[in-house]
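Structure, as structure tokens:
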Amino acid sequence: MSKILNKFNIVDVVLMLLVAVVIIGGIWFLTRDSGGEARYVYFTVEMRSMEEHFAEIPEIGGVVRCAIRNHFLGYVYDVRVEPFYIISFNPLEGIFFRDTVPERYDVFITVRGNGTETDLAIHSEGELIRIGREMSIGGRGFAHTGFVVYLRTEPRGGV
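Going by our numbering, the sequence shown opens with residue -11, and the numbers climb by one from there.
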């Protein structure tokens, strides 16, 4: 036992304290309430190459959830439809052009949720929202995966 105590010195104590501080700091950083300003969060998810009738399914004001974890994200604020197109190449002329695909449409579903905004992130109902993030969303009668293509916030409350 005395051999073990002889090899244990002040450097070991300092290293153990340093490791403990790093672990406690990491736990605090990961579990702290980021606070942030209370905001309404509006984000638009683009669903490509859909049939036109798909746009008639989401109801304005309907509940939107994460289609994977069933986590509440907000309410349908707007639904927009645009023709679906692909970028094609014409080898004879050496140019790229937009080619519309018949009977296929891009459907844009805008969701409004209660959230927070900090310098580091924007959350809607606790879910991290970023431009370009792939999200699986669903509501009454629909579920699909798309990318967030638009994001904005506005003050909530009496402001």
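The beta-carbon is built from N, C-alpha and C at its ideal position, and this holds for glycine as well.
Note that this is a predicted model, so its numbers are computed, not measured.
Run of the beta strand (DSSP E) containing residue i, from where it starts to where it stops
| i | result |
| --- | --- |
| E81 | From DSSP, E81 is part of no beta strand (DSSP E); its letter is neither H nor E. |
| E122 | 122 to 127 |
Residue i (DSSP reduced to helix, strand or coil)
| i | result |
| --- | --- |
| D87 | strand |
| V147 | Residue placement at V147 is flagged as unreliable, the pLDDT there being 47, under the threshold of 50; the coordinate-derived value follows with that caveat. DSSP places V147 in coil when its eight states are reduced to three. |
| D107 | coil |
| H59 | coil |
| E34 | strand |
| G156 | The chain is shown only over -11 to 147; residue 156 falls outside these bounds and no answer can be derived. |
| I74 | strand |
| G114 | coil |
Pair within 9 Å by beta-carbon distance, residue i and residue j
| i | j | result |
| --- | --- | --- |
| R27 | G103 | yes |
| G127 | R53 | yes |
| L61 | E115 | yes |
Evaluate the contact criterion for the region 4 to 11 versus the region 66 to 73: three or more CB pairs, one atom per stretch, below 8 Å. no
If you pair each beta-carbon of the region 85 to 92 with each one of the region 132 to 145, do three or more pairs fall below 8 Å? no
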